[in-house]
Amino acid sequence: MAADGDIERTVEPSSAADAGSATAHDAIIDVRNLQTAFFTEKETIRAVDGISFDIDPGETVGIVGESGSGKSVTARSLMGLIESPGRVLRGSSVRYRDMDTVRTFADEFPKRTVDVADLEATYDAEELFASTAATPQEFGYADPASVPLVDVAAAGYTDELGLTSGNECVFVTDGSADSAAGIQRGFVEISRLSGEPQRKMRGGRIAMVFQDPLTSLNPVYTVGNQIKEALRQHQGIRGKAATQEAAELLEAVGIPDASRRVNEYPHQFSGGMRQRAVIAMALACEPEVLICDEPTTALDVTIQAQILDLLAEIQESRDVAIMFITHDMGVIADVSDRVNVMYAGEVVESADVVPLFEDPKHPYTRGLLESIPGHQSGKKLSTIEGSVPTPNEPATYCRFAPRCPKSFDECHEVHPVPIPVEADGEADHTAACLLYPDDVSTAEAVARHGGRSHGGDGE
Ligand SMILES: Nc1ncnc2c1ncn2[C@@H]1O[C@H](COP(=O)(O)OP(=O)(O)OP(=O)(O)O)[C@@H](O)[C@H]1O
Ligand code: NI
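Letter by letter, the sequence shown follows residues 1 to 459 in the UniProt record's numbering.
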């Protein structure tokens with residue numbers, strides 16, 4: 001809709017998010033400037049407001065933050081599960097970089113494949129759409145004539161290998177050969193998938209485990225039949241072989257007497273066993289990435305620990321990358337290799353798990369840590385007062401400032417972006433806070449966060 005489009009154009013892509021992040025690496029999922037908004041009658045909720053992070057093969061990336069910080073919307077955006085009035089905004093990018101998958105996609109969906117070689121200089125977006133199975137409408141352009149002409153080189157094509165903001169496409173290869181087999185580099189832009197390619201990706205390469213196992217289980221089919229359906233859809237396994245495999249999967253996720261229980265219905269399973277069954281269903285697709293959104297929150301503590309052990313074991317034995325979402329810092333410490341702390345739609349701190357817990361930088365992260373029982377010896381348990389604000393306006397200031405014990409005037413006038421916490425540090429520990437980088441003046445910090453030293457008085 002035109003009205004949506006107008007709102008959307010006012011959303012500035014956060015260039016700063018890119019500044020803080022390393023570029024070329026072997027991440028399996030690469031999230032850049034992800035923005036997901038809900039256009040309600042009352043307001044535009046910027047539930048995810050320009051976040052960037054990546055997930056390497058086989059690692060566990062934790063996403064932590066209080067209720068309403070945008071964790072689930074992030075997960076749903078990665079899975080293509082955002083529904084109206086919500087939308088992943090233009091300029092967002094979620095790239096899936098497994099080369100086998102890229103080649104398979106190029107074979108299976110040739111009309112979705114855009115060869116970057118064709119885009120070297122300037123291209124006509126209208127023609128581009130004509131060459132794919134996608135329609136301009138799918139990308140939010142009401143009228144094909146309104147699709148902008150984009151200078152791909154000027155848009156940073158050479159750095160980014162592909163299409164950047166304003167010229168989204170479904171799928172990009174580097175065009176190094178005519179045949180898909182010749183593709184050396186490429187990615188699947190999953191935030192722009194729809195239809196059959198999206199279905200293939202979701203539940204195939206990427207699977208999701210939700211807080212409530214009943215969301216994923218159908219009460220009228222046996223657990224075994226549901227696993228068999230997943231095996232049929234994603235691996236083409238049927239009949240006796242599928243029955244056998246379903247029982248083996250249930251056994252692999254620690255369900256006792258699996259060959260009998262495979263014939264039971266979800267209501268005959270306990271909460272913990274149901275979550276194991278959902279995990280078995282996810283594994284039936286042999287995913288490379290498993291997105292777990294509070295998978296243990298509804299379970300009691302003992303069962304929770306067992307499920308966490310199970311996930312760790314699965315990761316080890318199947319080499320699957322996990323994105324683990326929780327509001328619980330204790331759980332995050334247990335499961336993660338790397339942690340992204342979210343607040344009001346933004347990633348406010350990002351670091352490997354050890355530095356994050358031993359030397360947290362952002363006052364919000366510190367607050368979260370101080371509220372873990374037993375974390376501070378002798379001190380009284382403190383919680384951060386107040387709650388997460390609804391991000392319903394552009395971030396022109398620090399959204400945590402109103403609750404921050406360390407805030408100063410500039411925090412209300414300058415929007416901090418993720419930058420390395422040490423002045424000459426590497427990008428693997430970043431914080432979006434004007435207290436950083438360490439050891440520079442406030443004026444200098446403000447400048448590094450892209451603000452002016454006397455900010456706030458209008459453009
Ligand atoms: N369908 C929707 N329509 C409107 N707003 C939404 C919708 N879904 C989510 N939001 C808003 O997006 C923001 C982020 O929500 P999200 O569910 O991602 O938070 P969360 O971090 O997962 O919290 P929790 O720990 O409670 O699960 C919230 O302000 C929420 O109200
Ligand atoms: Ni959530």
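By construction, the Cβ of each residue, glycine as well, lies at the ideal position given by its N, Cα and C atoms.
**OP:** May I have the straight-line CA-CA distance separating residue 253 from residue 397, to the nearest angstrom?
**Re:** 46 Å
**OP:** Would you list the one or two residues that DSSP bridges to residue 350?
**Re:** 340, 430
Original post:
Out of curiosity, what's the CA-to-CA distance linking residue 294 and residue 210?
Top reply: 7 Å
**OP:** Specify which residues have a beta carbon nearer than 6 Å to any heavy atom of ligand 1, listing them in chain order.
**Re:** Working through the chain, the matches are 38, 40, 45, 47, 65, 67, 68, 69, 70, 71, 72, 73, 86, 327, 390.
**OP:** Could you say which of 415, 311, 394 lies nearest to residue 60 if we only look at CA atoms?
**Re:** Nearest C-alpha to residue 60: 311.
**OP:** Would you decide whether residue 415 is buried or exposed? Buried here means 16 or more other CB atoms lie within 10 Å of its CB.
**Re:** Around the C-beta of residue 415, 16 or more other C-beta atoms lie within 10 Å, and the residue is accordingly described as buried.
Subject >> Contact belief for residue 405 with residue 363 at Cβ below 8 Å, rounded distance in angstroms >> reply: 6 Å
Original post:
Are residue 275 and residue 307 touching if we call contact CB-CB under 7 Å?
Top reply: yes
**OP:** Give the straight-line distance between the Cα atoms of residue 84 and residue 439, rounded to the nearest whole angstrom.
**Re:** 46 Å
Original post:
What three-state label does DSSP hand residue 420 in the structure shown?
Top reply: strand
**OP:** Rounded to whole angstroms, what's the CA-CA distance from residue 450 to residue 430? Just pull it up for me.
**Re:** 15 Å
**OP:** Rounded to whole angstroms, what's the CA-CA distance from residue 170 to residue 302? Just pull it up for me.
**Re:** Summary for residue 170: the model assigns pLDDT 39, below 50, so the residue's position carries little reliability, and this model does not support an answer.
Original post:
Any idea which residues DSSP pairs residue 323 with across the strands?
Top reply: 61, 291
Original post:
Under three-state DSSP, which class holds residue 54?
Top reply: strand
**OP:** Compare the C-alpha of residue 46 against each of 343, 268, 386, 356 and name the closest.
**Re:** In this structure, 343 is the residue among 343, 268, 386, 356 with its C-alpha nearest to the C-alpha of residue 46.
Original post:
Of the residues 188, 422, 286, which one's Cα is nearest the Cα of residue 232?
Top reply: 286
Original post:
Cα separation between residue 88 and residue 394?
Top reply: 16 Å
**OP:** Could you tell me if the beta carbon of residue 107 falls within a distance shorter than 6 Å of some heavy atom in ligand 3?
**Re:** Ligand 3 is not part of the structure shown, which contains ligand 1 and ligand 2 as its ligands.
**OP:** Please determine, among 400, 333, 331, 441, the residue with the shortest C-alpha to C-alpha distance to residue 69.
**Re:** 400
Original post:
Between the C-alpha atoms of residue 460 and residue 262, what's the straight-line distance to the nearest angstrom?
Top reply: In the structure displayed, the chain extends from 1 to 459; residue 460 sits before or after that span and is not available.
Subject >> CA-to-CA distance, residue 241 to residue 14, given in whole angstroms >> reply: Low local confidence applies: a pLDDT of 35 at residue 14 is under 50, so the model's placement there is unreliable, with the coordinate-based value given in what follows. Distance between the alpha carbons of residue 14 and residue 241 is about 50 Å.
Subject >> Backbone secondary structure at residue 206 - three-state DSSP >> reply: The DSSP-derived three-state label of residue 206 is strand.
Original post:
By DSSP, does residue 446 sit in helix, in strand, or in coil?
Top reply: For residue 446, the secondary structure class from DSSP, reduced to helix, strand or coil, is helix.
Original post:
If we count the other Cβ atoms within 10 Å of its Cβ and call it buried at 16 or more, is residue 383 buried or exposed?
Top reply: exposed
Subject >> N-terminal and C-terminal residue of the alpha helix (DSSP H) that residue 217 is part of >> reply: Residue 217 -> no alpha helix (DSSP H), and no H or E assigned at all.
Original post:
Can you tell which of 54, 58, 39, 27 has its C-alpha closest to the C-alpha of residue 320?
Top reply: 58
Subject >> Local Cβ density within 10 Å of residue 317, reported as buried at 16 or more and exposed below that >> reply: exposed
**OP:** Using only alpha-carbon positions, find the residue among 277, 304, 370, 309 that is nearest to residue 214.
**Re:** 277
Original post:
What's the call for residue 365, buried or exposed, on a 16-neighbour Cβ count within 10 Å?
Top reply: buried
**OP:** Go ahead and label residue 148 buried or exposed: buried means 16 or more other beta carbons lie within 10 angstroms of its beta carbon, across all protein chains shown.
**Re:** Here the model assigns residue 148 a pLDDT of 48, short of 50, so the residue's position is not dependable and the matter cannot be decided.
Subject >> Sequence-distant residues of its chain with Cβ nearer than 6 Å to residue 296 (five each side left out) >> reply: Taken in chain order, the residues that qualify are 304, 307.
Subject >> Integer-rounded CB distance, given that residue 80 should sit under 8 Å from residue 190 >> reply: 7 Å
Subject >> Under 7 Å between C-beta atoms of residue 36 and residue 48 >> reply: yes
**OP:** With DSSP collapsed to three states, give me the class of residue 46.
**Re:** Of the three classes helix, strand and coil, the one that applies to residue 46 here is strand, per DSSP.
Subject >> Range covered by the alpha helix (DSSP H) that runs through residue 225 >> reply: 223-235
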